[in-house]
Amino acid sequence: MTQHSPGGLMIILGTFIVAMVLSQIPLPVILEWWRPEFVALSVIYWIMALPQRFGVGSAWLVGLMLDVLKGSVLGINAISLTIIAFLTLQMHKKMRMYPLWQQAIVVFLLVVVNQFIFYWFQALAGTSALGFTFLIPAVVSAVLWPWVFVMLRSIRRTFKIS
Amino acid sequence: MKPIFRGGLPRLSFFLLIIIALGLLISDYRGDSVRPVRSALSVVLTPIQWLVDIPTSIADDISTVLLERAVLIKDNNQLRSSSIVLERKVQQMMVLRAENIRLRELLNASARVDDTVLLTELIGVNPDPFQHQVILNKGSEDGVFIGQPVLDAGGVMGQVVEVSLYTNRTMLVTDGRHALPVEVVRNGMRAIALGNGSHGELDITHIPDNADIRKGDILVTSALGERFPYGYPLAKVVSVLRDPSRKFMIVKAKPLARLNNSRYVLMVGSKPPVLVGVQEPINSVPEEEGQP
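As they're listed, the protein sequences go chains A and B.
Okay, so the first sequence: first residue is 291 according to our numbering, each after it adds one.
Okay, so the second sequence: first residue is 760 according to our numbering, each after it adds one.
Structural data, given as structure tokens:
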């Protein structure tokens, strides 16, 4: 618990790089609203699993990277990811007890918060929103959560990251 | 970790981080002060953009390998014949250009200079549906600058909005925040083409009810914005709606550039002091040489 292997850090970083690549892969126009928020899902998982190592500060940094990668106004993703990181940190003990489908509901709400913050600021910066389509990613993320969770957990167990 | 920090530390750092992020957000929104931060970070993140591009380029390579000989020969013949047609046009162009220069000299008008061109490859697309942006693989190392026009074989694609060392981000003309001064080729009428955020459509705004614009008209850049050189084709008018209850006509146009599937694009250098001596010979193609 106390000693942190540097290898573990690389693995966590690796999962974030994969998540960022997945969030950038071009999709056909019809599917572009159906992209899950992979980075937000990874942030939620790592905070739930390792709250003593991965906290709001790391989430903030990841958000800043995502801002640069997406070309959005600097700080939008940092804010939204920090907020959902903070919320997850507050209830990570409860969330660990939930069955997967119940976790998925919480994840849905967290991603909804993420999307709301992101598109509010996006709208302030000058792009208009189209109804509630921006909530589709939250649904897709929640549906995908059990798989993401199981996969990241098996990664964490294989490399014994704690 | 001591349990005593559980309550206080995350909350404090949470508020601090939010405040720093808000500060970044405001300064990025209000001005250029955080641009160095952004371009430094995007140099670090360039490998991720390359990673994103790998599947596409592999698919491209595979489809090249799998192409049949017959298809290749057919393609080759087609290209050869189109090259002959183009070369003939270039021959005419030389005479026309010489004539144009003479006439301009007669009129004491300033001569139009040929633009230098940089061949660039598209390596990424912005996944955010609200932003029509692409990432191209030339950066400030290659002399790319903010505001540089980007074209493909069909016409104007957009302009550079962000430059890092090895890549740049180009806003497409269909982005909701893009506007471009244009003129109608047929009669020289000036207008402004606005992106409206939907793919493959531009709004031509503030056209008075009695103006002469028709379906099928070609719009070219008018250079009035002082960013794009004069005369590159932008779009074709697809619908003109005269509504007596409105002050202006509703005119829609379709971009001539293939915004969604061009992989190789051209960046036009209309800022010579920056470009001189920076381009590599392989990448720079003089615009009107017909050599394949």
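By construction, the Cβ of each residue, glycine as well, lies at the ideal position given by its N, Cα and C atoms.
None of the values given here were measured: they were computed from a predicted structure.
On the DSSP bridge list, what partners appear for residue i?
i         : result
Thr980/B  : Val941/B
Met930/B  : Gln892/B, Gln918/B
Arg949/B  : Glu942/B
Lys1013/B : Lys995/B
Glu880/B  : Tyr1023/B
Pro967/B  : Phe1007/B
Leu1000/B : Ile1009/B
Thr875/B  : Gly1028/B
Does the distance from the C-beta atom of residue i to that of residue j stay below 8 Å?
i         : j         : result
Val1052/B : Val979/B  : Here chain B has residues from 760 to 1051 only, and residue 1052/B is not among them.
Asp976/B  : Met1008/B : no
Leu931/B  : His891/B  : yes
Val396/A  : Ala428/A  : no
Val803/B  : Val311/A  : no
Met1026/B : Val903/B  : yes
Val329/A  : Leu356/A  : yes
Ile451/A  : Ile301/A  : yes
Leu331/A  : Arg325/A  : no
Met381/A  : Gln393/A  : no
Leu400/A  : Leu377/A  : yes
Leu895/B  : Thr879/B  : yes
Asp911/B  : Ser1021/B : yes
Ser370/A  : Gly353/A  : yes
Asp874/B  : Gly990/B  : no
Specify the secondary structure class of residue i as computed by DSSP and reduced to three states.
i         : result
Pro992/B  : strand
Gly975/B  : coil
Ala912/B  : coil
His382/A  : helix
Leu865/B  : helix
Asp962/B  : strand
Gly345/A  : coil
Gly717/B  : Because chain B in this structure spans residues 760 to 1051, residue 717/B falls outside the shown range and cannot be described.
Leu855/B  : helix
Gly365/A  : coil
Leu790/B  : The question names Leu, but residue 790/B is Gly in the sequence shown. Of the three classes helix, strand and coil, the one that applies to Gly790/B here is coil, per DSSP.
Thr448/A  : helix
Gly782/B  : helix
Ser816/B  : helix
Pro318/A  : coil
Asn885/B  : coil
Lys761/B  : Any reading at Lys761/B must be qualified, since the residue scores a pLDDT of 43, below 50, and its modelled position is unreliable; the value itself is stated next. Coil.
Phe406/A  : helix
Phe904/B  : coil
Phe987/B  : coil
Glu1046/B : Low per-residue confidence applies at Glu1046/B: pLDDT is 42, beneath 50, and the placement is therefore not dependable, though the value from the model is reported in the following sentence. Coil at Glu1046/B, not helix or strand.
Glu846/B  : helix
Gly766/B  : At Gly766/B, the pLDDT of 48 sits below 50, so the modelled position is not reliable and the matter cannot be decided from this model.
Leu303/A  : helix
Arg936/B  : coil
Ser801/B  : helix
Arg443/A  : helix
Glu1039/B : Confidence in Glu1039/B is poor, its pLDDT being 41 and thus under 50, which makes the residue's placement unreliable; the coordinate value appears in the next sentence. Glu1039/B falls in the coil class under three-state DSSP.
For residue i, count neighbouring Cβ atoms within 10 angstroms of its own Cβ and tell me buried if that reaches 16, exposed if not.
i         : result
Met338/A  : buried
Asp934/B  : buried
Asn835/B  : exposed
Glu327/A  : buried
Asn885/B  : buried
Phe774/B  : exposed
Glu864/B  : exposed
Arg928/B  : buried
Ala829/B  : exposed
Ile813/B  : exposed
Gln907/B  : buried
Trp275/A  : This structure cannot settle anything about residue 275/A, because the visible part of chain A is limited to 291 through 452.
Gly883/B  : buried
Asp820/B  : exposed
Pro1014/B : buried
Met916/B  : buried
Glu942/B  : buried
Lys897/B  : buried
Arg797/B  : buried
Thr926/B  : buried
Between residue i and the ligand PLP, is there a pair consisting of the residue's CB and a ligand heavy atom that are separated by less than 7 Å?
i        : result
Gly975/B : In the structure shown, the ligand PLP is absent, as is every other ligand, since no ligand is present at all.
Could you run through the stretch 365-388 of chain A and flag, in chain order, every residue whose CB is less than 7 Å away from some CB of chain B?
-> Gly365, Ile366, Ala368, Ile369, Thr372, Phe376, Leu379
Check each residue of the stretch 888-904 of chain B: if its Cβ is closer than 9 Å to any Cβ of chain A, include it; give the result in chain order.
-> Listed by position, the residues of the stretch 888-904 of chain B near chain A (Cβ gap below 9 Å) are Pro888, Phe889, Gln890, Gln892, Ile894.
Between the stretch 340-351 of chain A and chain B, which residues of the former have CB atoms less than 7 Å from a CB of the latter, in chain order?
-> Gln342, Gly345, Val346, Gly347, Trp350
Selection of the stretch 918-939 of chain B by Cβ proximity to chain A, strictly under 7 Å | Along the stretch 918-939 of chain B, the positions whose C-beta sits under 7 Å from a C-beta of chain A are Glu921, Arg928, Gly935, Arg936, read in chain order.
Could you please tell me which residues of the stretch 302-318 of chain A, in chain order, have their CB closer than 8 Å to any CB of chain B?
-> Closer than 8 Å at the C-beta level to chain B, one finds these residues of the stretch 302-318 of chain A: Ile307, Met310, Val311, Ser313, Gln314, Ile315, Pro316, Leu317.
Residues of the stretch 810-844 of chain B with Cβ closer than 8 Å to any Cβ of chain A, in chain order | Listed in sequence order: Leu810, Val811, Pro814, Thr815.
Looking at chain A, which residues of the stretch 994-1023 of chain B have a Cβ within less than 7 Å of any of its Cβ atoms?
-> none
The stretch 951-980 of chain B: which residues have C-beta closer than 9 Å to a C-beta of chain A, in chain order?
-> Gly956, His958
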